[in-house]
Amino acid sequence: MSCGRLFAALRRCKQLEGGDNTTQLSRCLGLLDLTALGVGSTLGLGVYVLAGAVAKTVAGPAVTISFLIAAIASAFAGICYAEFASRVPKAGSAYVYSYVSVGEFIAFTIGWNLILEYVIGTASVAKGMANYIDSLCNNTMAKTMTEWAPMRIGFMADYPDFFAFFLVLLITILLGVGVSESTKLNNVFTALNLATVVIVLVTGALWSDTKNWRLTPEDIPAEYRDAAGAGGFMPWGFAGVMAGAAKCFFGFVGFDCVATTGEEAKNPKRDIPLSIVMSLTIIFLSYFSVATVLTMMWPYYLQDEDAPFPYVFEQIGLPVIKWIVTIGAVFALCTSLLGAMFPLPRVLYAMGSDGVLFRPFAVINPRTQTPLLATALSGLFSATMAALFNLNQLIDMMSIGTLLAYTIVATSVLILRYEEESSVQLSSKALPESPYSVARQSFNLLGLKAPTALSYTIAKWTIAIFFAVALATCALLNGESSKALGTVVGVLGGVLLLLLLVLYRQPRQDVSHLTFKVPLVPLVPYVSVCMNVYLMTQLDYQTWVRFIIWLVIGYLIYFFYGIRNSSLREKDIVKTPNGIHDEKHIVTKF
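For the record, in the sequence shown the residue sitting at position 2 is 146 according to this note's numbering, with numbers rising by one throughout.
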């Protein structure tokens, strides 16, 4: 394959085919099912563990503000997902969205990345659930297995966790039986989870004391002062609030699993956007309220990092509430495990259907109407990782995949909004793309009212430059403070504002037909990309190294299998009268 054909193949895009809702999967999910799936997959370890851990060591009572900032960042990503769900009612989440807008190679990168994210998400929730249940049994399983089968490898678990392994297999069997059955169980567990949150809030409100938000250094015992910051509402200042927001952001990871159900939702264009917005709202209100009562009930520096609520209720003399919360947490972890596992087979199914991954992944069982092979293999992979790897190593890898997916989706919103419409392309006369025309159109001095080839070209290059400048700016913000660095960051910040102005001046498509639209374009996706890139630069180099290794494995599969077996390539091959196959011109968008 020549370089020209290779480059064209990497950029080939799916076409948006309005009204094509055919699918082999079972359309059985309503608005309630989708919202429960989003809430259940997200409202797990975060609400029962994250609030106490961040309050104790990072943000203090201001963890409530950290959750608010994290919710805003997640909301920006969420509404970008919601617009794409109203455009593309197909399974595959960010994979399909990027396939439609930015091309096959980027789509494969995102899809391969999502596989890693969901595998690790499933494994980490299973591992956390196993540890939580074991802690209620005085760590009997951990002690026994460490004695019988120790694994003395630094980045792996201390022992093979067979309990976590079988937890994942159990969820895999449940998902293989059918979507309808598994979502009914998920709805029940989510209802119990929310009931537990309500019990925590009502009981916590009765035992709350605002004094715990106004602690002075003199109120803190001497043995805790060194680790308790300056006291008050923000013991570690605004820096602590932002550091807490970075941690709390990952408590919202999981809502995007709703977007993978496009081919199983009864009315995907309406229900998926609504369920994303509703689930994010419920999740934020739960986190904010729980963090408020937790830090008011008990001083932040005395919180338990692993199980804050059972510990606090035991300290204030409410053992019955302690056990109610403990049981509720188990149900919450069940829903988180189901929600983490649910999207994985759907992404494999979507990539297998497109031919960029092995096509057997797209085989649907006629009885259960689910991709059984994809479900079985993804479950076995996740179960093995849950059994063998250390929980901290698993959690560290979750962030990079999520943030990159959010970034691509926000970027795709921008690209599609500025894309030249077919009607304009066919009926309007192309403007000469001279340097003078480009300079004038950069601020729309040509007075264009609808996207053209010139305005779209300016927009896509502006977006590409914006991403590079945003990455450089965020990387420099992590360096040691100095006058020279401040000057460079200031200049780059000015460039980002200028690029935003250029995008703002370009004509955009009419999207009045969409059931959900991202407001304030280009500002909202622009800010979303900046937030996501900043959080990505906070990750340590080991996470990046592991991520690059995973990408190398994926690219080997794509270049030796996917690029030649892609459905788009098959569509672009015609048979000549002589029986010789030749490739037609491949139409690309970017």
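In this text, a Cβ means the ideal position worked out from N, Cα and C, and glycines have one as well.
Give the range of the alpha helix (DSSP H) segment to which residue 293 is assigned. Counting from one through the sequence shown, the residue named residue 293 turns up at place 149. No alpha helix (DSSP H) contains residue 293, which DSSP labels as neither H nor E.
Sorted by chain position, which residues of the same chain lie with C-beta nearer than 6 Å to residue 395's C-beta, five sequence neighbours on each side aside? Here residue 395 refers to the residue found at position 251 of the sequence shown. The answer, listed in chain order, is 190 and 194.
From residue 817 to residue 292, what does the alpha carbon distance come to, in whole angstroms? Missing from the structure shown is residue 817; the chain here goes from 145 to 734 and no further.
Minimum length 4: unbroken alpha helix (DSSP H) runs contained in the stretch 353-420: 366-369 and 381-393
Let's see if you can read the secondary structure: which residues bound the alpha helix (DSSP H) around residue 467? As a position in the sequence shown, residue 467 is number 323, starting the count at 1. Where residue 467 is concerned, the enclosing alpha helix (DSSP H) stretches over 463-485.
In its own chain, which residues sit with a C-beta less than 8 Å from the C-beta of residue 368, not counting the 5 before and 5 after it? Position 224 of the sequence shown, counted from the start, is the residue given in the question as residue 368. Cβ neighbours of residue 368 beyond the five flanking positions: 445 and 446.
Just how far apart, CA to CA, sit residue 574 and residue 562? Start at 1 with the first residue of the sequence shown, and residue 574 comes out as number 430. Start at 1 with the first residue of the sequence shown, and residue 562 comes out as number 418. In this prediction, residue 574 scores a pLDDT of 46, lower than 50, which makes its location untrustworthy; the coordinate-derived value is nonetheless stated afterwards. If you take the alpha carbons of residue 574 and residue 562, they lie about 16 Å apart.
Nearest-angstrom Cα distance between residue 231 and residue 174? Looking up residue 231 in the sequence shown gives position 87. Looking up residue 174 in the sequence shown gives position 30. Rounded to whole angstroms, residue 231 to residue 174 spans 18 Å at the Cα level.
Compare the beta carbon distance of residue 155 and residue 247 with 8 Å and say whether it is the shorter of the two. Counting from one through the sequence shown, the residue named residue 155 turns up at place 11. Counting from one through the sequence shown, the residue named residue 247 turns up at place 103. Against a cut-off of 8 Å, the Cβ pair of residue 247 and residue 155 comes out as a contact.
Looking at the strands, I want to know which residues DSSP matches up with residue 533. In the sequence shown, residue 533 corresponds to position 389, counting from 1. Note: residue 533 sits in a beta bridge opposite 300.
Which of helix, strand or coil does DSSP assign to residue 156? By one-based count along the sequence shown, residue 156 stands at place 12. Residue 156 falls in the strand class under three-state DSSP.
If you count every other CB in all the chains shown that lies within 10 Å of the CB of residue 654, and 16 or more means buried, which is it? Working through the sequence shown from its first residue, we reach residue 654 at position 510. By the 10 Å Cβ count, residue 654 comes out exposed.
Using DSSP's beta-bridge definition, name the partner residues of residue 114. There is no way to answer for residue 114, as the model of the chain reaches only from 145 to 734.
Residue 572 versus residue 676: straight-line alpha-carbon distance, rounded: Position 428 of the sequence shown, counting from 1, holds the residue named residue 572. Position 532 of the sequence shown, counting from 1, holds the residue named residue 676. With a pLDDT of only 44 at residue 572, under the threshold of 50, the placement of this residue in the model should not be trusted, and no figure is reported.
Inter-stretch contact (C-beta, 8 Å, three-pair minimum) for the stretch 334-347 and the stretch 467-478: yes
Alpha carbon to alpha carbon, how far is residue 272 from residue 644? Sequence index remark: in the sequence shown, residue 272 carries index 128 (1-based). Sequence index remark: in the sequence shown, residue 644 carries index 500 (1-based). About 42 Å.
Would you call the CB atoms of residue 152 and residue 713 closer than 8 Å? Mapped onto the sequence shown, residue 152 falls at position 8. Mapped onto the sequence shown, residue 713 falls at position 569. Taking 8 Å as the Cβ cut-off, residue 152 and residue 713 do not qualify as a contacting pair.
CA-to-CA distance, residue 494 to residue 509, given in whole angstroms: Sequence index remark: in the sequence shown, residue 509 carries index 365 (1-based). Sequence index remark: in the sequence shown, residue 494 carries index 350 (1-based). Roughly 15 Å separates the two Cα atoms.
What whole-angstrom Cβ distance do residue 420 and residue 399 have, given they're in contact under 8 Å? Here residue 420 corresponds to residue number 276 of the sequence shown, with the count starting at 1. Here residue 399 corresponds to residue number 255 of the sequence shown, with the count starting at 1. Contact flag correct, Cβ pair sits at about 6 Å.
Taking Cβ to Cβ, would you say residue 500 is nearer than 8 Å to residue 704? In the sequence shown, counting from the first residue as 1, residue 500 sits at position 356. In the sequence shown, counting from the first residue as 1, residue 704 sits at position 560. Cβ distance not < 8 Å, so residue 500 and residue 704 don't count as in contact.
Do residue 617 and residue 636 have their C-beta atoms within less than 8 Å of each other? As a first step, residue 617 is located in the sequence shown; it is residue number 473 there, counting from the start. As a first step, residue 636 is located in the sequence shown; it is residue number 492 there, counting from the start. Going by C-beta atoms, residue 617 is nearer than 8 Å to residue 636.
Answer with buried or exposed for residue 669, where buried requires no fewer than 16 other C-beta atoms within 10 angstroms of its C-beta. As a working mapping, residue 669 is identified with position 525 in the sequence shown. Burial call: buried.
Between residue 209 and residue 439, what straight-line distance do the alpha-carbon atoms span, to the nearest angstrom? The residue labelled residue 209 in the question sits at position 65 within the sequence shown. The residue labelled residue 439 in the question sits at position 295 within the sequence shown. Computed Cα separation, rounded: 12 Å.
Is the beta carbon of residue 529 closer than 8 Å to that of residue 263? Taking the sequence shown and counting its residues from 1, the one referred to as residue 263 is at position 119. Taking the sequence shown and counting its residues from 1, the one referred to as residue 529 is at position 385. Cβ distance < 8 Å, so residue 263 and residue 529 count as in contact.
From which residue to which residue does the alpha helix (DSSP H) around residue 618 run? Sequence index remark: in the sequence shown, residue 618 carries index 474 (1-based). 597-621 is the extent of the alpha helix (DSSP H) around residue 618.
Write down the C-beta distance between residue 377 and residue 196 rounded to the nearest angstrom, noting that I regard them as a contact closer than 8 Å. In the sequence shown, counting from the first residue as 1, residue 377 sits at position 233. In the sequence shown, counting from the first residue as 1, residue 196 sits at position 52. So it is not a contact: roughly 17 Å between Cβ atoms.
At 4 residues or longer, and completely inside the stretch 681-716: list those alpha helix (DSSP H) runs for me, N to C. 685-701 and 711-715
Alpha carbon to alpha carbon, how far is residue 663 from residue 206? Give it in angstroms, no decimals. By 1-based counting over the sequence shown, the position of residue 206 is 62. By 1-based counting over the sequence shown, the position of residue 663 is 519. One C-alpha to the other measures close to 29 Å.
Residue 307, buried or exposed, once every other Cβ within 10 Å from all chains shown has been counted against 16: For the purposes of this step, residue 307 is taken as residue 163 along the sequence shown, with counting starting at 1. Classification of residue 307: buried, given that the 10 Å Cβ count is 16 or more.
Quick one: is residue 688 buried, meaning 16 or more other Cβ sit within 10 Å of its Cβ, or exposed? Counting from one through the sequence shown, the residue named residue 688 turns up at place 544. By the neighbour-count rule (16 or more Cβ atoms within 10 Å), residue 688 is not buried but exposed.
Using CA atoms only, rank isn't needed, just tell me which of 520, 603 and 623 is closest to residue 560. Here residue 560 corresponds to residue number 416 of the sequence shown, with the count starting at 1. Comparing Cα-Cα distances from residue 560 to each of 520, 603 and 623, the minimum goes to 603.
Can you give the beta carbon distance from residue 278 to residue 270, rounded, assuming they're within the 8 Å contact cut? Translated into the one-based positions of the sequence shown, residue 278 becomes position 134. Translated into the one-based positions of the sequence shown, residue 270 becomes position 126. Incorrect: roughly 12 Å between the Cβ atoms, too far for contact.
In terms of alpha-carbon separation, which member of 463, 674, 243 and 680 lies closest to residue 711? Working through the sequence shown from its first residue, we reach residue 711 at position 567. Answer by Cα proximity: 243.
Answer with buried or exposed for residue 708, where buried requires no fewer than 16 other C-beta atoms within 10 angstroms of its C-beta. Residue numbering aside, residue 708 sits at position 564 when the sequence shown is read from its first letter. Its Cβ having fewer than 16 others within 10 Å, residue 708 is exposed.
Alpha carbon to alpha carbon, what distance is there between residue 651 and residue 473? Mapped onto the sequence shown, residue 473 falls at position 329. Mapped onto the sequence shown, residue 651 falls at position 507. Rounded to whole angstroms, residue 473 to residue 651 spans 50 Å at the Cα level.
Alpha carbon to alpha carbon, how far is residue 255 from residue 430? Give it in angstroms, no decimals. Against the sequence shown, residue 430 aligns to sequence position 286. Against the sequence shown, residue 255 aligns to sequence position 111. Distance between the alpha carbons of residue 430 and residue 255: 30 Å.
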